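Trainee:
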Amino acid sequence: MKTKIVLAILLIISIMETKAQTLVKRNELSSVNIGKREVSSVKIVEIEFQPGQKAPYHQHPCPIVGQIVSGTCLVQIEGEKPKILNPGDTFYEPALTPVIHFDNYSKTKPMKFVAYYLTNGEKELIELL
Numbered sequence: 017m018k019t020k021i022v023l024a025i026l027l028i029i030s031i032m033e034t035k036a037q038t039l040v041k042r043n044e045l046s047s048v049n050i051g052k053r054e055v056s057s058v059k060i061v062e063i064e065f066q067p068g069q070k071a072p073y074h075q076h077p078c079p080i081v082g083q084i085v086s087g088t089c090l091v092q093i094e095g096e097k098p099k100i101l102n103p104g105d106t107f108y109e110p111a112l113t114p115v116i117h118f119d120n121y122s123k124t125k126p127m128k129f130v131a132y133y134l135t136n137g138e139k140e141l142i143e144l145l
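In terms of the numbering used here, the sequence shown has 21 at position 5, counting the first letter as 1, and numbering is strictly consecutive.
Here it is as structure tokens:
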């Protein structure tokens with residue numbers, strides 16, 4: 017009798033754990049094609065811009081994907097239209113493609129973002145143009 021009770025309890029726990037696992041929700045934020053590029057490491061950097069701060073005209077030797085954490089960003093990659101990004105929005109900067117704008121769009125609040133540099137041995141991660 018005790019064995020049946022223990023087995024019943026284990027069965028209930030197993031069902032509860034399985035149900036909890038099925039409740040995991042995944043929400044794709046971004047998907048980008050970086051082409052046939054070898055990536056040997058990923059450098060993750062949190063960056064904060066002061067109110068009104070603007071990045072200079074630049075490019076990166078490696079692709080970058082990132083996400084705005086707080087604040088508002090004006091981003092424009094050469095050949096694309098400018099976009100306003102808000103917290104939670106993602107961005108992609110292709111390797112060796114000039115970035116015209118990556119600016120804190122607010123004159124009163126800081127902007128914070130996380131950038132993931134998809135590197136393959138590059139030492140310098142930004143080149144001013």
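All C-beta atoms in this analysis are idealised placements derived from N, C-alpha and C, irrespective of residue type, glycine included.
On a predicted model such as this, the values are computed, not experimentally measured, just so you know.
Can you tell me where the beta strand (DSSP E) with Tyr-133 in it begins and where it stops?
Mentor: Here the beta strand (DSSP E) through Tyr-133 covers 127 to 135.
Trainee: Compare the Cα-Cα distances from Asn-43 to each of Thr-106, Lys-128, Asn-136 and report the closest residue.
Mentor: When each option's Cα is compared against that of Asn-43, the closest is Thr-106.
Trainee: Would you call the stretch 55 to 63 and the stretch 132 to 140 touching, i.e. three or more CB-CB distances under 8 Å?
Mentor: At 8 Å Cβ cutoff, the stretches touch.
Trainee: Using DSSP with H/G/I as helix, E/B as strand and the rest coil, what is Ile-29?
Mentor: Looking at Ile-29 - three-state DSSP - the assignment turns out to be helix.
Trainee: When you compare only the Cα positions, how much space is there between Val-55 and Pro-126?
Mentor: Each residue's alpha carbon lies about 31 Å from the other.
Trainee: Hey, out of Gly-68, Gly-137, Gly-104, whose CA is closest to Val-81's CA?
Mentor: Checking every option, the nearest Cα to that of Val-81 belongs to Gly-104.
Trainee: Which value, in whole angstroms, describes the spacing of the CA atoms of Ala-111 and Ile-31?
Mentor: Near 48 Å, if we compare the C-alpha coordinates of Ile-31 and Ala-111.
Trainee: Compute the distance between the beta-carbons of Ile-93 and Val-115, then report whether it is under 8 Å.
Mentor: In contact: Ile-93 and Val-115 (Cβ atoms closer than 8 Å).
Trainee: Within the same chain, show all residues whose beta-carbon is closer than 7 Å to that of Leu-145, passing over the 5 residues directly before and after it, in chain order.
Mentor: Correct list, in chain order: Tyr-73, His-74, Gln-75, Pro-114.
Trainee: CB-CB under 7 Å to Tyr-121, same chain, minus the five flanking residues each way: which ones, in chain order?
Mentor: Around Tyr-121: Thr-88, Cys-89, Leu-90, Ile-100.
Trainee: So, under 8 Å CB-CB, Val-48 and Tyr-108 are touching, yes? Tell me the CB distance rounded to an integer number of Å.
Mentor: Contact flag correct, Cβ pair sits at about 5 Å.
Trainee: State the DSSP-derived secondary structure class of Tyr-108, mapped to helix, strand or coil.
Mentor: Three-state result, Tyr-108: strand.
Trainee: Relative to the C-alpha of Ile-142, which candidate in Lys-128, Pro-77, Gly-68, Pro-98 has its C-alpha closest?
Mentor: If we check each option's Cα against that of Ile-142, Pro-77 comes out closest.
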